[in-house]
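Under our numbering, think of the first position of the sequence shown as 2, with each following residue one higher. No residue lacks a Cβ here, since even glycine has one placed at the ideal position from N, Cα and C. All figures in this text were calculated on a predicted structure; none of them were measured in a lab. Below: one structure, written as C-alpha cells.
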Amino acid sequence: MRKNRAVFLGFAALSLGVCFAPRSLAWEAKPAFYAQDDQLRSLKLDPPPAVGSETDRQDMAAIKDWQVKRTAHQCARAAAEAGHTGYDAFFGAISPFVQPMPSEVAQFFRHVQDDTYLSVGFLKTKYDRPRPFAQDSSVHPCIPAPNEKGYSYPSGHAAVARVFALVLSDLAPERRAEFLARADEVALDRVIGGVHHPTDVEAAKQLGNEIYAEFLKNQTFHADLEMARRFLKR
C-alpha cells in the first residue's frame, strides 16, 4: 500500500502542476482520508453543457471576452496558481496560521486536497468534457496549458480552493467572506487563463460544498480541524 500511495502522490503532483490527466490505477489505489471512497465517488453533478449548445456557446464567449481584456497581472496570478497548486498558492498570502505553517497543519490540507481530487478525478473521467482550447483553436491560454487530452469538467483548482475556503471559514468565521472571495478568484483565474469554461468552475464550487458536507460527517476530520485551530494566529 505504501508503494501504491507513492505512485499516486507522484501522479497527483504531475497532474496538479501541469494538467489533470485521466484517472489511472493510481487513483484507485489511493484511499480517502476524511470520507469513504464510495461517498466521494458517488457525489453527483449535472452533466456539462453539450458542445454547441446555447450554454456552451455562452461559455466560449465568456472565455474569448476574457482573452481580449485580461491583463498581464491576471495571467501571472493564474499561472502561479496553475504551477503550484496547493494551500500556499491559494491562501498563503492571507493564511490565518502561524508561520512557518506547522507540518501537522500542512499535512491536514494535503489530505483535504487529496480527497477533493479523488472526487474531481472521478467526475472528470465520467464527463470527459474537452478543454476550451481543444474545442476551439481560437482560444489561446495565457498560462501553462494542460494536455489537450485532459478533462475540463469540473475544475479541480476551483473545487480545492472552495473546500480550503470552507475549512478556513470554520476556523476563522469572521473572515469567511474573505476566504470565499479568494476561492472565487482562483476559480475565475482558470477561465481568465483560458483552460476552463465558466460552467466548469461553477460546478466545482457546488462539488466543493458537497465534499465539505461529507467531511463534516467524519470524526477524524473534526479532530484534525481542532488540531489546526490550535495553530491560528492570536
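How big is the Cα-Cα spacing for residue i and residue j?
{"i": "lysine 125", "j": "histidine 74", "result": "29 Å"}
{"i": "alanine 63", "j": "proline 199", "result": "7 Å"}
{"i": "tyrosine 35", "j": "glycine 53", "result": "38 Å"}
{"i": "alanine 107", "j": "serine 170", "result": "17 Å"}
{"i": "arginine 78", "j": "aspartate 190", "result": "8 Å"}
{"i": "proline 155", "j": "aspartate 115", "result": "15 Å"}
{"i": "serine 104", "j": "serine 138", "result": "43 Å"}
{"i": "alanine 178", "j": "valine 168", "result": "13 Å"}
{"i": "lysine 234", "j": "valine 140", "result": "43 Å"}
{"i": "alanine 80", "j": "aspartate 47", "result": "29 Å"}
{"i": "arginine 132", "j": "aspartate 66", "result": "17 Å"}
{"i": "threonine 56", "j": "proline 174", "result": "35 Å"}
{"i": "glycine 157", "j": "aspartate 39", "result": "19 Å"}
{"i": "histidine 223", "j": "arginine 58", "result": "42 Å"}
{"i": "proline 101", "j": "alanine 94", "result": "12 Å"}
Leaving out five residues on either side along the sequence, give the residues of the same chain with a beta carbon under 6 Å from the beta carbon of residue i.
{"i": "alanine 166", "result": "Phe180, Leu181 and Ala184"}
{"i": "leucine 44", "result": "Ser120 and Glu211"}
{"i": "phenylalanine 110", "result": "Tyr88"}
{"i": "phenylalanine 232", "result": "Phe98, Val99, Pro103 and Val106"}
{"i": "aspartate 225", "result": "Phe109"}
Alpha carbons only, please: which of the options is nearest the one belonging to residue i?
{"i": "lysine 127", "options": "Asp57, Tyr152 and Ile64", "result": "Tyr152"}
{"i": "alanine 51", "options": "Thr221, Gly209 and Arg130", "result": "Arg130"}
{"i": "isoleucine 144", "options": "Leu233, Arg71 and Glu227", "result": "Arg71"}
{"i": "glycine 84", "options": "Asn219, Arg230, Met228 and Val196", "result": "Val196"}
{"i": "glycine 122", "options": "Ala33, Ala224, His223 and Glu227", "result": "Ala33"}
{"i": "cysteine 76", "options": "Arg177, Pro133, Glu203 and Ala146", "result": "Ala146"}
{"i": "phenylalanine 91", "options": "Glu82, Phe98 and Glu227", "result": "Glu82"}
{"i": "tyrosine 118", "options": "Arg42, Lys218, Leu46 and Lys234", "result": "Arg42"}
{"i": "valine 113", "options": "Trp67, Tyr213, Ala94 and Gly93", "result": "Tyr213"}
{"i": "glutamine 37", "options": "His223, Met228, Glu215 and Lys234", "result": "Glu215"}
{"i": "arginine 176", "options": "Ser96, Phe222 and Asn219", "result": "Ser96"}
{"i": "proline 142", "options": "Pro101, Glu55 and Ile193", "result": "Ile193"}
Report the partner residues of residue i according to the DSSP bridge assignment.
{"i": "tyrosine 152", "result": "Pro131"}
{"i": "leucine 233", "result": "Phe98"}
Tell me which same chain residues have a C-beta within less than 7 Å of the C-beta of residue i, skipping the five on either side of it?
{"i": "arginine 230", "result": "Leu172"}
{"i": "valine 164", "result": "Val113, Thr117, Gly209, Ile212 and Tyr213"}
{"i": "aspartate 60", "result": "Pro50, His198, Pro199 and Thr200"}
{"i": "alanine 162", "result": "Phe91, Ala184, Val187 and Ala188"}
{"i": "phenylalanine 21", "result": "The pLDDT assigned to phenylalanine 21 is 36, lower than 50, so where the model puts this residue is not dependable; a value taken from the coordinates is nonetheless given after this. Correct list, in chain order: Lys125, Pro147, Gly151, Tyr152 and Gly157."}
Leaving out five residues before and five after residue i in sequence, what residues of the same chain have Cβ atoms less than 8 Å from its Cβ?
{"i": "alanine 159", "result": "Ala184, Val187, Ala188, Arg191, His197, Asp201, Val202, Ala205, Lys206 and Gly209"}
{"i": "methionine 228", "result": "Glu105, Val106 and Phe109"}
{"i": "asparagine 219", "result": "Tyr35 and Ala36"}
{"i": "threonine 221", "result": "Phe34 and Tyr35"}
{"i": "valine 255", "result": "Residue numbering for the chain in the displayed model covers 2 to 235; residue 255 lies beyond these limits and cannot be assessed."}
{"i": "leucine 217", "result": "His223"}
Any chance the CB of residue i is under 7 Å from a heavy atom of the ligand NAD?
{"i": "valine 113", "result": "Within the structure as shown, the ligand NAD is missing, as the structure has no ligands at all."}
So, does the CB of residue i fall closer than 8 Å to a CB anywhere in chain C?
{"i": "alanine 188", "result": "Absent from the structure is chain C; it holds one protein chain and no more."}
Subject >> Any beta strand (DSSP E) of 3 or more consecutive residues that is wholly inside the segment 158-202 >> reply: none
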